[in-house]
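Its first residue numbered 0, the sequence shown is counted upward by one per residue in numbering that gives the first Met the number 0.
Cβ atoms here follow ideal geometry from the backbone N, Cα and C, with glycine treated the same way.
Computed from a predicted structure; not experimentally measured.
First up is the structure itself, then whatever we jot down about it.
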Amino acid sequence: MNEKIIALQNEITEKLSATTDLSELENIRVATLGKKGSVTALLKGMKDLSPEERKSFGAEVNSLKELVTRKIEEKIKELKEKEIQAEIEAMPLFDITTPANLQRGSYHPITLVQRQCETIFKSMGFAVIDYPEIVTDYECFEALNIPKHHPARDMQDTYYLDNGQLLKSHTSAAQNAILKKYGKDLMEKGMPIKAIFPGRCFRNEATDACHENTFFQMEGVMVDKDISISNLIFFMKTMLSEVFRKDIKVRLRPGFFPFVEPGFELDISCLICGGDGCPSCKQSGWLELCPCGMIHPNVLSEGGIDPEEYTGFAFGLGLTRLAMMKYGVKDIRNLNSGSLKAMSQFTDDE
Ligand code: DAH
């Protein structure tokens, strides 16, 4: 083997084994295999040799180049592993017995009142049903006796999808499907339909202290033979006295909704101002909390139930309003603010 090559090989090998960090290694790589490196210089010098010499010298330089390349790669791997090992050793010891710094989360006030209402209605034999947020025009309006171009639609402008579906503007949108699904049991087994269906609703409207584009309602229906307004009033009163745990002033006044006949507005005296009038109750002292009524015969027959034989009531409890009243939230917009500071102060006091 050519002496020059042997000398260079020894020199490089020594340097490589003495290297302890990656940037020094990179310097060696450039100084040997780089454009102006020592190994590259040997390769370039070959053009001055005779063809005879060039053959054996070339083979030797190439194997030196391969050797150096391999040794550099091995060294990179070795140094990287050392670096990782050093990092691991520098880490503080993990102590499984150290108590965790647990900051407990809390439920949103709407979740709290929703659960509370569910418990109350379940104890009175109502089933709790989940329903999608995206519905059809038929579910949201047509099946509820609100044909196209009916002025009642103006009150419930919502968000439409390209395929014609929409974000439900009220939980009443689930009524038709529920009547259809449980109507059979009603007629075959003589069992009443008693169901509540809480859900998120959407409306395209200007927001203020008491209006939001996203809010929660809880709809309820009861259908059987001989259901009357007295049944409706009984369930509403029981629910309110359970939720507030005190006597609440309520009033029932006529209200128009195409899917009930007769229809009512059930108002409660504003608990924020005590009935004197404030922005939360639009200065009226009263809050519309639970519109309700006797299910319209057209809605019953659209749900496959004979209105000559059966009657029922329906209500649309404003869960968001209820949460505001119960917890004294003055501005509805706080509820969707995502502010942990504002929302984490409520606890389940049951
Ligand atoms: N869906 C109505 C709304 O959001 C509220 C409502 C009124 C629901 C009367 C009912 C009802 O079930 O009987 O405006």
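Distance cut-off 7 Å: residue i Cβ against heavy atoms of the ligand DAH
{"i": "residue 306", "result": "no"}
{"i": "residue 139", "result": "no"}
{"i": "residue 315", "result": "yes"}
{"i": "residue 385", "result": "Summary: the structure shown does not reach residue 385, with the chain confined to residues 0 through 349, and so no result is reported for it."}
{"i": "residue 259", "result": "yes"}
{"i": "residue 171", "result": "yes"}
{"i": "residue 233", "result": "no"}
{"i": "residue 256", "result": "yes"}
{"i": "residue 253", "result": "no"}
{"i": "residue 116", "result": "no"}
Residue i in three-state terms, based on DSSP
{"i": "residue 60", "result": "helix"}
{"i": "residue 19", "result": "coil"}
{"i": "residue 303", "result": "coil"}
{"i": "residue 364", "result": "The structure shown does not extend to residue 364, since the chain spans only 0 to 349, so no value can be given for it."}
{"i": "residue 29", "result": "helix"}
{"i": "residue 102", "result": "coil"}
{"i": "residue 216", "result": "strand"}
{"i": "residue 208", "result": "coil"}
Nearest residue (CA-CA) to residue i, options the options
{"i": "residue 149", "options": "258, 281, 272 and 34", "result": "258"}
{"i": "residue 271", "options": "161, 120, 320 and 179", "result": "320"}
{"i": "residue 310", "options": "134, 261, 87 and 326", "result": "261"}
{"i": "residue 335", "options": "255, 206 and 280", "result": "206"}
{"i": "residue 211", "options": "74, 88, 163 and 156", "result": "156"}
{"i": "residue 38", "options": "333, 276 and 12", "result": "12"}
{"i": "residue 323", "options": "190, 104, 222 and 267", "result": "267"}
{"i": "residue 130", "options": "317, 110, 102 and 176", "result": "176"}
{"i": "residue 254", "options": "247, 105 and 264", "result": "264"}
Integer-rounded CB distance, given that residue j should sit under 8 Å from residue i
{"i": "residue 117", "j": "residue 199", "result": "At roughly 15 Å, the Cβ-Cβ gap does not stay under 8 Å, so residue 117 and residue 199 are not in contact."}
{"i": "residue 41", "j": "residue 67", "result": "Actually they are not in contact, since the Cβ atoms of residue 41 and residue 67 sit about 11 Å apart, beyond 8 Å."}
{"i": "residue 302", "j": "residue 174", "result": "7 Å"}
Distance cut-off 7 Å: residue i Cβ against heavy atoms of the ligand ZN
{"i": "residue 215", "result": "The model depicted lacks the ligand ZN and carries the ligand DAH instead."}
Whole runs of the alpha helix (DSSP H) within the segment 74 to 99, excluding any shorter than 4 residues: Taking 4 residues as the minimum length, the segment 74 to 99 contains no alpha helix (DSSP H) run wholly inside it.
Alpha helix (DSSP H) runs contained entirely in the segment 157 to 205, provided each spans 4 or more residues: Those alpha helix (DSSP H) runs which fall completely within the segment 157 to 205 and span 4+ residues are 174 to 188.
Segments assigned beta strand (DSSP E), at least 3 residues, entirely inside the segment 226 to 291: 249 to 253, 259 to 268 and 285 to 287
Every unbroken alpha helix (DSSP H) inside the segment 104 to 134 [4 residues or more]: 108 to 122
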